[in-house]
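Since the structure comes first, as structure tokens, the remarks are kept for the end.
2 protein chains.
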Amino acid sequence: MNVCEIISVGTELLLGEILNTNAPYLCGALAAMGISVQRVLTVGDNPARLQEDFLAALRRSDIVLLTGGLGPTKDDLTKETVCKALGVPLVEDPAQRRAIDAFFRRRGGECGYSNYKQALVPQGGVVLYNANGTAPGCVIRHGEKLVALLPGPPGELRPMFQQALKPLLQPYAGGAIVSHHVKTVGLGESRMAELTAHLQDSENPTVAPYAKEGESYLRVSAYAATAEAAEALCAPVIKNLQSLLGDYVYAIDQSLEETLLARLREQGKTIAFAESCTGGAICAALTALPGASEVFRQGYVTYANQAKQELLGVTPNTLARFGAVSEETAIEMAEGARAGAGADLAVAVTGVAGPGQSEAKPAGLIWLAACNGKRTVTRRLDTGRNDRTYNRTAAAKAALALGIAMAAEDGGLVPA
Amino acid sequence: MNVCEIISVGTELLLGEILNTNAPYLCGALAAMGISVQRVLTVGDNPARLQEDFLAALRRSDIVLLTGGLGPTKDDLTKETVCKALGVPLVEDPAQRRAIDAFFRRRGGECGYSNYKQALVPQGGVVLYNANGTAPGCVIRHGEKLVALLPGPPGELRPMFQQALKPLLQPYAGGAIVSHHVKTVGLGESRMAELTAHLQDSENPTVAPYAKEGESYLRVSAYAATAEAAEALCAPVIKNLQSLLGDYVYAIDQSLEETLLARLREQGKTIAFAESCTGGAICAALTALPGASEVFRQGYVTYANQAKQELLGVTPNTLARFGAVSEETAIEMAEGARAGAGADLAVAVTGVAGPGQSEAKPAGLIWLAACNGKRTVTRRLDTGRNDRTYNRTAAAKAALALGIAMAAEDGGLVPA
Numbered sequence: 001m002n003v004c005e006i007i008s009v010g011t012e013l014l015l016g017e018i019l020n021t022n023a024p025y026l027c028g029a030l031a032a033m034g035i036s037v038q039r040v041l042t043v044g045d046n047p048a049r050l051q052e053d054f055l056a057a058l059r060r061s062d063i064v065l066l067t068g069g070l071g072p073t074k075d076d077l078t079k080e081t082v083c084k085a086l087g088v089p090l091v092e093d094p095a096q097r098r099a100i101d102a103f104f105r106r107r108g109g110e111c112g113y114s115n116y117k118q119a120l121v122p123q124g125g126v127v128l129y130n131a132n133g134t135a136p137g138c139v140i141r142h143g144e145k146l147v148a149l150l151p152g153p154p155g156e157l158r159p160m161f162q163q164a165l166k167p168l169l170q171p172y173a174g175g176a177i178v179s180h181h182v183k184t185v186g187l188g189e190s191r192m193a194e195l196t197a198h199l200q201d202s203e204n205p206t207v208a209p210y211a212k213e214g215e216s217y218l219r220v221s222a223y224a225a226t227a228e229a230a231e232a233l234c235a236p237v238i239k240n241l242q243s244l245l246g247d248y249v250y251a252i253d254q255s256l257e258e259t260l261l262a263r264l265r266e267q268g269k270t271i272a273f274a275e276s277c278t279g280g281a282i283c284a285a286l287t288a289l290p291g292a293s294e295v296f297r298q299g300y301v302t303y304a305n306q307a308k309q310e311l312l313g314v315t316p317n318t319l320a321r322f323g324a325v326s327e328e329t330a331i332e333m334a335e336g337a338r339a340g341a342g343a344d345l346a347v348a349v350t351g352v353a354g355p356g357q358s359e360a361k362p363a364g365l366i367w368l369a370a371c372n373g374k375r376t377v378t379r380r381l382d383t384g385r386n387d388r389t390y391n392r393t394a395a396a397k398a399a400l401a402l403g404i405a406m407a408a409e410d411g412g413l414v415p416a
Numbered sequence: 417m418n419v420c421e422i423i424s425v426g427t428e429l430l431l432g433e434i435l436n437t438n439a440p441y442l443c444g445a446l447a448a449m450g451i452s453v454q455r456v457l458t459v460g461d462n463p464a465r466l467q468e469d470f471l472a473a474l475r476r477s478d479i480v481l482l483t484g485g486l487g488p489t490k491d492d493l494t495k496e497t498v499c500k501a502l503g504v505p506l507v508e509d510p511a512q513r514r515a516i517d518a519f520f521r522r523r524g525g526e527c528g529y530s531n532y533k534q535a536l537v538p539q540g541g542v543v544l545y546n547a548n549g550t551a552p553g554c555v556i557r558h559g560e561k562l563v564a565l566l567p568g569p570p571g572e573l574r575p576m577f578q579q580a581l582k583p584l585l586q587p588y589a590g591g592a593i594v595s596h597h598v599k600t601v602g603l604g605e606s607r608m609a610e611l612t613a614h615l616q617d618s619e620n621p622t623v624a625p626y627a628k629e630g631e632s633y634l635r636v637s638a639y640a641a642t643a644e645a646a647e648a649l650c651a652p653v654i655k656n657l658q659s660l661l662g663d664y665v666y667a668i669d670q671s672l673e674e675t676l677l678a679r680l681r682e683q684g685k686t687i688a689f690a691e692s693c694t695g696g697a698i699c700a701a702l703t704a705l706p707g708a709s710e711v712f713r714q715g716y717v718t719y720a721n722q723a724k725q726e727l728l729g730v731t732p733n734t735l736a737r738f739g740a741v742s743e744e745t746a747i748e749m750a751e752g753a754r755a756g757a758g759a760d761l762a763v764a765v766t767g768v769a770g771p772g773q774s775e776a777k778p779a780g781l782i783w784l785a786a787c788n789g790k791r792t793v794t795r796r797l798d799t800g801r802n803d804r805t806y807n808r809t810a811a812a813k814a815a816l817a818l819g820i821a822m823a824a825e826d827g828g829l830v831p832a
């Protein structure tokens, strides 16, 4: 299998200011092509260290991908550094120069001198034109090896990778790595890992457990000459995991919101949400998916008690007796949302996200309710953490999981 | 200045399955201590490569931080690999063993054998107890150098870093790096960079331009013996940038939602949102902040036309004549949300997120409206992209920016 290293360039990455989403994107795409990414390195805008690290990566690997540092500004030095290290001169590309002029004409802006730096490309290299920005990428062949430079903004890098670089990487694609995720809710990572421990010795496919807020999953990953053969290696292991973990498995590969959307679509059902502590995050997760409008028409972000009363019909008596974070309030929120939205199902969440909390209502205490017109079910979640982001994410995931369970029940299906 | 390298361990990171948020977190915290992070490396669960990379990092650096691979499962091998490379034996820590037992008793779960692997610690090392999980971290001194191992889950790593590791790193803290961000909206990165080009030659502080969806910012970063001295270096440069960029600057350091929350709090005002294409993301961004309840009581996720009519009072005539994505609909949404929520201000967003689009209403066309009871203003955004995530993020940012402008106007203030 051909081996690749990725170098992400940018002092902003080393100062912790932005997340590097390019590296995981490229890793996923390369894995699917059967190219093994063995290292991802982040370095600053420092030409000396970049040169050293680039040459080390080039010695060890068949492919080196560099991201970032191709822009118009003075600290954008990736192209200059790599070309110097390889002894390749930079020359102006007339088509790229015209593309830069056209880009600025289209935008109605002015093209400053610094933008023309982006028209310089490595002599003899392949220019990867940028449909979404002014910095072109490029590919330089170095003996049997391939070096590619891609722009940092994800909206430029991703289409350039798919349309221009991927075809050039095809000769390096060796077989395929296929990964699937057996997704569970309601089961801790260590319990899930123990139930499946005997499968984790397997070498192809490999089986590895992971966890993030409120969800645990197992990654099943196989390598074979073709994607089909890799799939065939994964299939029996996935079956085996499903039978070991039973109803804890809510989906293979799909996220909670994707699973919910699919279940609702299958049944031609709609859902509404009433959100307090999650503050819109559940609606936002579902509507992030194309096609959400088929199953979702409206949601209520009822942060204040008054909003719960006015929009959802929660009674003042319930709020006074049990408080906003209570099973009783969650039930009235869900039923009010379902009636108000005219939806088949509704899920409501009310909880203490933190940092504010009380002894009776600690941060991490979350009540959920779901109703389908026939019955209303509730769940109590207690994360035991005073971590606002964690609690909101865990609450949103629990709400989506409850929606999946309810949608399945409603149609006589069981999850996954 | 002492130099640090970070190694994040985990095959899941190299397969592109999860974002590495630990490295940027540590980078930010170390920069603030005046410790220079020069490389961040991600490697898989491969002991041979991890050992090679660890030893190389140790040769080059004063501090090596490793994250991940400390858990109970078979592919968690960071501790074993590092200790082997350093020739340090692993011994059972009785306190850690008791902590693991207690953790599982508290959770009501069973402690399986594999969890006891986590009670093994490097002989002579400092154990960093884990208040939020079962895997302890540890610090190993190697001559003048320091090696620290931290667990992968961010909810465990962050408190462990702050409470246990940071004090041990104090002897390595050399002066301070202070960074500030001059945040702009409505100005492209290259235009912003050109307006400020002459300041980008500065070496201390450095000035560097960055961009992400709909926002551009300049990072001003200074190094000095003390944080105060570094602040003093930054201050005049920030002033200079503010006067160069004028009203495009909406805040220093704060995010859009933080700025909006602060502006509204200053004035004792409340805001409501009516969201169509953003589907709850604006409400979710604001309510992610503690204290949001002081300025936000409710929001409307009106995805379907019917919901816009029923919840916000948008007229069927407006929807029929101009369509859901129109200036007219945005205005009625904002005014309906303000009236319905009894808020001082309301901002509404309606747009085509994509992938579905039409010639008249292309993906990336977004209409925003904001009202304060005295007047209603509108904005048209056209991202020119068919990228659902980008368009939703850009729309949410534009809505927050419009809220900031409106809040400022309402109180007779100008932004920033």
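As they're listed, the protein sequences go chains A and B. For the first sequence, this note's numbering begins at 1 and goes up steadily by one. For the second sequence, this note's numbering begins at 417 and goes up steadily by one. Don't be surprised by glycine CBs; every beta carbon is placed ideally from N, CA and C. Given the structure is predicted, the values throughout are model-derived calculations rather than measurements.
Option nearest residue i by Cα separation, candidates the options
i	options	result
asparagine 305 of chain A	B:Leu728, B:Ser709, B:Gln725, B:Tyr716	B:Ser709
glutamate 674 of chain B	B:Leu816, B:Leu603, B:Gly729, B:Lys490	B:Leu816
tyrosine 441 of chain B	B:Met576, B:Asp491, B:Val765	B:Met576
alanine 700 of chain B	A:Ala285, A:Ala281, A:Leu286	A:Ala281
cysteine 234 of chain A	A:Leu286, A:Ala176, A:Val325, A:Val185	A:Ala176
threonine 287 of chain A	B:Ala511, B:Gly770, B:Glu610, B:Leu677	B:Gly770
glycine 174 of chain A	A:Ala341, A:Leu14, A:Val3, A:Gln38	A:Val3
methionine 822 of chain B	B:Pro706, B:Thr731, B:Asn807, B:Ala688	B:Ala688
phenylalanine 712 of chain B	B:Glu428, B:Gly662, B:Leu482, B:Val763	B:Val763
leucine 566 of chain B	B:Ile423, B:Gly819, B:Val730	B:Ile423
leucine 311 of chain A	B:Leu672, B:Arg804, B:Gly756	B:Gly756
alanine 841 of chain B	B:Ala501, B:Ala786, B:Thr809	Not covered by the structure: residue 841 of chain B. The range shown for chain B is 417 to 832.
aspartate 75 of chain A	A:Lys212, A:Glu12, A:Thr393	A:Glu12
threonine 226 of chain A	A:Asn20, A:Gly34, A:Tyr116, A:Gly137	A:Gly34
tyrosine 129 of chain A	A:Gln123, A:Phe104, A:Glu144, A:Asp93	A:Asp93
alanine 723 of chain B	A:Ala337, A:Lys308, A:Thr329, A:Gln309	A:Ala337
glycine 214 of chain A	A:Thr184, A:Gln242, A:Leu195	A:Thr184
leucine 345 of chain A	A:Val37, A:Glu17, A:Leu264, A:Ser114	A:Leu264
glutamine 309 of chain A	A:Val64, A:Thr329, A:Gln298, A:Leu241	A:Thr329
Run of the beta strand (DSSP E) containing residue i, from where it starts to where it stops
i	result
proline 300 of chain A	With the sequence shown as reference, residue 300 of chain A is identified as tyrosine, and proline is not the correct amino acid for it. First-last of the beta strand (DSSP E) with tyrosine 300 of chain A: 296–302.
glycine 571 of chain B	Segment 570–576 is the alpha helix (DSSP H) holding glycine 571 of chain B; no beta strand (DSSP E) there.
glutamine 454 of chain B	452–459
arginine 380 of chain A	376–382
Host alpha helix (DSSP H) of residue i (start-end)
i	result
isoleucine 556 of chain B	No alpha helix (DSSP H) holds isoleucine 556 of chain B; the beta strand (DSSP E) holding it covers 553–558.
aspartate 492 of chain B	Here aspartate 492 of chain B belongs to no alpha helix (DSSP H), and DSSP marks it neither H nor E.
aspartate 469 of chain B	463–476
leucine 15 of chain A	Looking at the DSSP string, leucine 15 of chain A is not in any alpha helix (DSSP H), and its letter there is neither H nor E.
leucine 727 of chain B	721–728
leucine 585 of chain B	582–585
Cβ-based burial, residue i [other Cβ within 10 Å; buried from 16]
i	result
glutamate 644 of chain B	exposed
serine 358 of chain A	exposed
lysine 655 of chain B	exposed
glutamate 682 of chain B	exposed
valine 830 of chain B	Confidence at valine 830 of chain B is low in this model, with a pLDDT of 41, below 50, so its placement is unreliable and no value can be given for it.
glycine 10 of chain A	buried
glutamine 578 of chain B	exposed
arginine 59 of chain A	exposed
glutamate 405 of chain B	Within the shown structure, residues of chain B are numbered from 417 to 832, placing residue 405 of chain B beyond reach of any answer.
Starting from the N-terminal side, write out each stretch of the beta strand (DSSP E) that is 3 residues or longer and does not extend beyond the region 598–665 of chain B. 622–628, 631–640
Given 8 Å as the limit, is there contact between the region 22–37 of chain A and the region 140–159 of chain A, that is, 3 or more CB pairs closer than that? yes
Is the region 324–331 of chain A touching the region 747–754 of chain B in the sense that three or more CB pairs, one from each, lie closer than 8 Å? no
Does the region 215–225 of chain A come close enough to the region 200–207 of chain A that 3 or more CB-CB pairs lie under 8 Å? yes
Which ranges would you report for the alpha helix (DSSP H) in the region 730–787 of chain B if only whole runs of at least 4 residues count? 732–738, 743–757
Report yes or no: do the region 790–810 of chain B and the region 135–149 of chain A share at least 3 C-beta pairs separated by less than 8 Å? no
So does the region 76–88 of chain A actually touch the region 47–61 of chain A, counting three or more Cβ pairs closer than 8 Å? yes
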